[in-house]
Amino acid sequence: MGTQSYSIFKAALLVFSLTLFAACSSTEEVDDQQSTGGESDTGSSAQTSGTDETPQLTAEEIAAQEALRTTIFYFDFDVAEFKAEDRDTLTYHARDLAANPDRGIRLEGHADERGTREYNLALGERRANGILNYLIVNGASRAQIEVVSYGEERPADSGQGEQAYSMNRRVEIVGR
Amino acid sequence: MKPYRLLIAIIILATNAHVHAQLSIQITQGVDNPIPIAVVPFQTAGIGFGAEDVARVVANDLEQVGEFRALERENLLSMPSEQSEVFFRDWQVMAQDYLLVGKVTGTPGNQLVQVQYEFFDVNRELLLAGEILSGNVSQLRDIGHEISNIIYEQVTGIRGAFTTQILYVVAEQAPSGSASFRLEKADYDGSRPQVLLRSQEPIMSPNWSPDAREVAYVSFETDLPRIYTQNIATGQRRQITNYPGINSSPVYSPDGNMLAMVLSKDGSPDIFVQDLRSNELIRVTDHPAIDTEPSWTPDGRSIVFMSDRTGQPQIYQIEVGASSFDVERLTYDCFQCAKARFLPDGNNLVHVRRETRQSPTYQIAIINIETLRVITLTNTSLDESPSLAPNGSMIMYATKYQGRGVLDAVSIDGLVKFRLPSAEGDVREPAWSPFLN
Numbered sequence: 318m319g320t321q322s323y324s325i326f327k328a329a330l331l332v333f334s335l336t337l338f339a340a341c342s343s344t345e346e347v348d349d350q351q352s353t354g355g356e357s358d359t360g361s362s363a364q365t366s367g368t369d370e371t372p373q374l375t376a377e378e379i380a381a382q383e384a385l386r387t388t389i390f391y392f393d394f395d396v397a398e399f400k401a402e403d404r405d406t407l408t409y410h411a412r413d414l415a416a417n418p419d420r421g422i423r424l425e426g427h428a429d430e431r432g433t434r435e436y437n438l439a440l441g442e443r444r445a446n447g448i449l450n451y452l453i454v455n456g457a458s459r460a461q462i463e464v465v466s467y468g469e470e471r472p473a474d475s476g477q478g479e480q481a482y483s484m485n486r487r488v489e490i491v492g493r
Numbered sequence: 002m003k004p005y006r007l008l009i010a011i012i013i014l015a016t017n018a019h020v021h022a023q024l025s026i027q028i029t030q031g032v033d034n035p036i037p038i039a040v041v042p043f044q045t046a047g048i049g050f051g052a053e054d055v056a057r058v059v060a061n062d063l064e065q066v067g068e069f070r071a072l073e074r075e076n077l078l079s080m081p082s083e084q085s086e087v088f089f090r091d092w093q094v095m096a097q098d099y100l101l102v103g104k105v106t107g108t109p110g111n112q113l114v115q116v117q118y119e120f121f122d123v124n125r126e127l128l129l130a131g132e133i134l135s136g137n138v139s140q141l142r143d144i145g146h147e148i149s150n151i152i153y154e155q156v157t158g159i160r161g162a163f164t165t166q167i168l169y170v171v172a173e174q175a176p177s178g179s180a181s182f183r184l185e186k187a188d189y190d191g192s193r194p195q196v197l198l199r200s201q202e203p204i205m206s207p208n209w210s211p212d213a214r215e216v217a218y219v220s221f222e223t224d225l226p227r228i229y230t231q232n233i234a235t236g237q238r239r240q241i242t243n244y245p246g247i248n249s250s251p252v253y254s255p256d257g258n259m260l261a262m263v264l265s266k267d268g269s270p271d272i273f274v275q276d277l278r279s280n281e282l283i284r285v286t287d288h289p290a291i292d293t294e295p296s297w298t299p300d301g302r303s304i305v306f307m308s309d310r311t312g313q314p315q316i317y318q319i320e321v322g323a324s325s326f327d328v329e330r331l332t333y334d335c336f337q338c339a340k341a342r343f344l345p346d347g348n349n350l351v352h353v354r355r356e357t358r359q360s361p362t363y364q365i366a367i368i369n370i371e372t373l374r375v376i377t378l379t380n381t382s383l384d385e386s387p388s389l390a391p392n393g394s395m396i397m398y399a400t401k402y403q404g405r406g407v408l409d410a411v412s413i414d415g416l417v418k419f420r421l422p423s424a425e426g427d428v429r430e431p432a433w434s435p436f437l438n
């Protein structure tokens, strides 16, 4: 008897958990829609740009154009996460991809020469994947993005020292 | 936006030897009391000028490994070429422990040569070895290396590795910014380089098959890192992998039937083994962190690899085909330990070590995994890609010298060092061949 009631309790707990999980999921969806809606209200959505000539949207367009011209993102030593200051720029890239489903890009990850070559190859991929995930979360489709790591094999600056190394720890967005 | 970038990898397989400016060895550190040896120039008859100086090849070989010092030629008191002309007292007076004499005899009208050598223990006044080797005049260098092997084994008891070869990658950056990459093969001392592969895209991780007939490597020629094997003699190639993400670090198993590798097809780099006969792919590790740089244990049953699953690179070991993905951690005492490979004894692990977070220097070291004793073999700061000579006597590795990539070698006890200066470009990722004969 004790076992049975325990089982019932477990089943009840399971149902409760599933309900809670579903609730959480739907809440997230609602949140997402709300935040997207919120951003549309401020005029930053890519779908409204270029069709409306109000000064506010033009300023937004200029900001987007400028952001899209930035295609190299630098990383701190031994850090795989992109810098917080690049977040907005990458958001523009994500929206640009979302608005242009035919467009494809390549994310090329790089590392500086310190550490072993194979590890740096993996670090370059980890950096590129961080940006990949951010772009997808912000509207780009996985199919639009190819990721490749060059590790330390293609330095932007072949010198030694922090000056060169800081130029080499990077992810480049390349059109394809 | 950057313009559409058209990437064209131009690959030329070298069908015949493409000779570049030769690398030549520099001894950067030797032992305190090298063994004195007199290598008398071989008497020559019937061969043209410009043929290889066999005695010079032998003297260079023996000096390069640091344990020998060859008597300067101008200090030779006599020039014997065979046992009947040898007066041991002459050499005892010169404080020489060993003596090599010989003669090279050509046959007029063809390329065949005979090389007779005799090797003596001066103090015991004893002939230790001697024979007649024959070959083509173009093989005089090989014959010299063979004689070096015999002398080395007579004196040290260890099989000589003077007839072995190395693979390495050369990268050159044009002033325009475009780079070119070559996979090359050369004698162990850097002489007689040949291009095996040429590309506009990076080439990485060359590795010899155990029978030395094939090389496995990573090439970005399709714009993505993919693993290839290539028959060294014929140049015939086979693309082994085409998985999404990183395909890297190919390493032949000791029996040559399997290729360990790194694939990130499921999200993060993990270790896999591919059976080269059936193409079956076996997963070896499964972890969201970076697992890379596989090498086989001497028995071929387990794989040693690097993982940053605890935050920084450390060395781990796992059995291939085990029922779980449980790993054994081998290193604890370094900030980063990477690119490890066991010596044939299965106890000592050659690796790249960064001791502390504060000092970003990478050096070649050996750790005994039983006693945890560490010997750091190098003292430069960007040392990587250690590769062991097949006789276990030396480790060749890549380092930076005057801002360029060069290959250095260090004896397993750290006492002897030599450098192969590069004529051009960055030289990196040496892979020392197995015994070739």
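Read top to bottom, the protein sequences are chains A and B.
If you count the first sequence from 1, position 23 lands on 340 in the numbering used here, and the numbers rise without skipping.
If you count the second sequence from 1, position 361 lands on 362 in the numbering used here, and the numbers rise without skipping.
Backbone N, C-alpha and C fix where the C-beta goes; we use that ideal spot for every residue, glycine too.
Remember, it's a predicted structure, so these values are computed and weren't measured experimentally.
Hey, could you find the ends of the beta strand (DSSP E) residue i is sitting in?
{"i": "F89 (chain B)", "result": "First-last for F89 (chain B): 89 to 94, but that is the alpha helix (DSSP H), not the beta strand (DSSP E)."}
{"i": "Q364 (chain B)", "result": "364 to 369"}
{"i": "R1 (chain B)", "result": "It is not possible to answer for residue 1 (chain B), since the shown part of chain B is limited to 2 through 438."}
{"i": "E430 (chain A)", "result": "Unbroken run through E430 (chain A): none, as it is neither H nor E."}
{"i": "V417 (chain B)", "result": "Careful: V417 (chain B) lies outside any beta strand (DSSP E) and carries neither H nor E."}
{"i": "T29 (chain B)", "result": "27 to 30"}
{"i": "Y409 (chain A)", "result": "Per DSSP, Y409 (chain A) belongs to no beta strand (DSSP E); it is in the alpha helix (DSSP H), 404 to 416."}
{"i": "Y169 (chain B)", "result": "166 to 174"}
{"i": "N208 (chain B)", "result": "204 to 209"}
{"i": "N1 (chain B)", "result": "Here chain B has residues from 2 to 438 only, and residue 1 (chain B) is not among them."}
{"i": "R183 (chain B)", "result": "180 to 188"}
{"i": "P299 (chain B)", "result": "Element bounds for P299 (chain B): n/a, residue is neither H nor E."}
{"i": "V464 (chain A)", "result": "462 to 468"}
{"i": "L437 (chain B)", "result": "Where L437 (chain B) is concerned, there is no enclosing beta strand (DSSP E), given that its DSSP letter is neither H nor E."}
{"i": "D409 (chain B)", "result": "405 to 412"}
{"i": "S135 (chain B)", "result": "127 to 137"}
Hey, could you find the ends of the alpha helix (DSSP H) residue i is sitting in?
{"i": "A451 (chain A)", "result": "Looking at the sequence itself, residue 451 (chain A) is Tyr, so the reference to Ala does not match. 434 to 454 is the extent of the alpha helix (DSSP H) around Y451 (chain A)."}
{"i": "R142 (chain B)", "result": "141 to 157"}
Quick one: using the 10 Å Cβ neighbour count with 16 as the cut-off for buried, is residue i buried or exposed?
{"i": "A401 (chain A)", "result": "exposed"}
{"i": "Y333 (chain B)", "result": "exposed"}
{"i": "F50 (chain B)", "result": "exposed"}
{"i": "A96 (chain B)", "result": "exposed"}
{"i": "V454 (chain A)", "result": "exposed"}
{"i": "F397 (chain A)", "result": "In the sequence as displayed, the identity of residue 397 (chain A) is Ala instead of Phe. A397 (chain A) should be labelled buried."}
{"i": "I13 (chain B)", "result": "At I13 (chain B), the pLDDT of 32 sits below 50, so the modelled position is not reliable; the number obtained from the coordinates is stated separately. So I13 (chain B) counts as exposed."}
{"i": "V102 (chain B)", "result": "buried"}
{"i": "Q382 (chain A)", "result": "exposed"}
{"i": "V411 (chain B)", "result": "buried"}
{"i": "A424 (chain B)", "result": "exposed"}
{"i": "G432 (chain A)", "result": "buried"}
{"i": "E469 (chain A)", "result": "buried"}
{"i": "D300 (chain B)", "result": "exposed"}
{"i": "S210 (chain B)", "result": "buried"}
{"i": "G441 (chain A)", "result": "buried"}
{"i": "N150 (chain B)", "result": "buried"}
{"i": "L373 (chain B)", "result": "exposed"}
Tell me residue i's beta-bridge partners as DSSP assigns them.
{"i": "H288 (chain B)", "result": "For H288 (chain B), which the question treats as bridged, DSSP gives no partner whatsoever."}
{"i": "E215 (chain B)", "result": "B:N232"}
{"i": "D271 (chain B)", "result": "B:L264"}
{"i": "V488 (chain A)", "result": "A:F390, A:G426"}
{"i": "E227 (chain B)", "result": "The sequence given here places Arg at residue 227 (chain B); Glu does not occur at that position. Note: R227 (chain B) sits in a beta bridge opposite B:S220."}
{"i": "P37 (chain B)", "result": "B:R70"}
{"i": "F1 (chain B)", "result": "This structure cannot speak to residue 1 (chain B), because chain B is shown only from 2 to 438."}
{"i": "S177 (chain B)", "result": "None; S177 (chain B) has no bridge partner."}
Between residue i and the ligand ZN, is the CB less than 7 Å from at least one heavy atom?
{"i": "R471 (chain A)", "result": "No copy of the ligand ZN occurs in the structure displayed, which carries no ligand at all."}
Q | Length-filtered (4 minimum) alpha helix (DSSP H) runs lying within the stretch 46 to 121 of chain B | A | 55 to 65, 89 to 94
Q. At a cut of 8 Å, does the stretch 168 to 184 of chain B reach the stretch 79 to 92 of chain B through at least three beta carbon pairs?
A. no
Q) If you pair each beta-carbon of the stretch 347 to 364 of chain B with each one of the stretch 376 to 387 of chain B, do three or more pairs fall below 8 Å? A) yes
(Q) With three or more C-beta pairs closer than 8 Å as the rule, is the stretch 275 to 283 of chain B touching the stretch 422 to 435 of chain A? (A) no
Q | Complete beta strand (DSSP E) runs within the stretch 310 to 396 of chain B (minimum length 3 residues, chain order) | A | 315 to 320, 337 to 343, 349 to 355, 364 to 369, 375 to 377, 385 to 389
(Q) When you compare the stretch 430 to 439 of chain A with the stretch 407 to 415 of chain A, are there three or more beta-carbon pairs, one atom per stretch, that lie closer than 8 Å? (A) no
(Q) Between the stretch 394 to 405 of chain B and the stretch 426 to 434 of chain B, can you find at least three pairs of beta-carbon atoms closer than 8 Å? (A) yes
Q.
Check whether the stretch 125 to 140 of chain B and the stretch 23 to 42 of chain B touch, using three or more Cβ-Cβ pairs below 8 Å as the test.
A. no
Q. Touching or not, the stretch 57 to 76 of chain B and the stretch 30 to 38 of chain B, by the rule of three or more beta carbon pairs under 8 Å?
A. yes
Q) Looking at C-beta atoms only, is the number of pairs between the stretch 142 to 153 of chain B and the stretch 413 to 422 of chain B that lie closer than 8 Å three or more? A) no
Q.
For the stretch 240 to 252 of chain B against the stretch 262 to 271 of chain B, do three or more pairs of beta-carbon atoms, one drawn from each stretch, fall closer than 8 Å, so that the two count as touching?
A. yes
**Q.** Three or more C-beta pairs below 8 Å linking the stretch 44 to 64 of chain B and the stretch 152 to 163 of chain B
**A.** yes
Q.
Three or more C-beta pairs under 8 Å: does that hold for the stretch 339 to 346 of chain B against the stretch 291 to 307 of chain B?
A. yes
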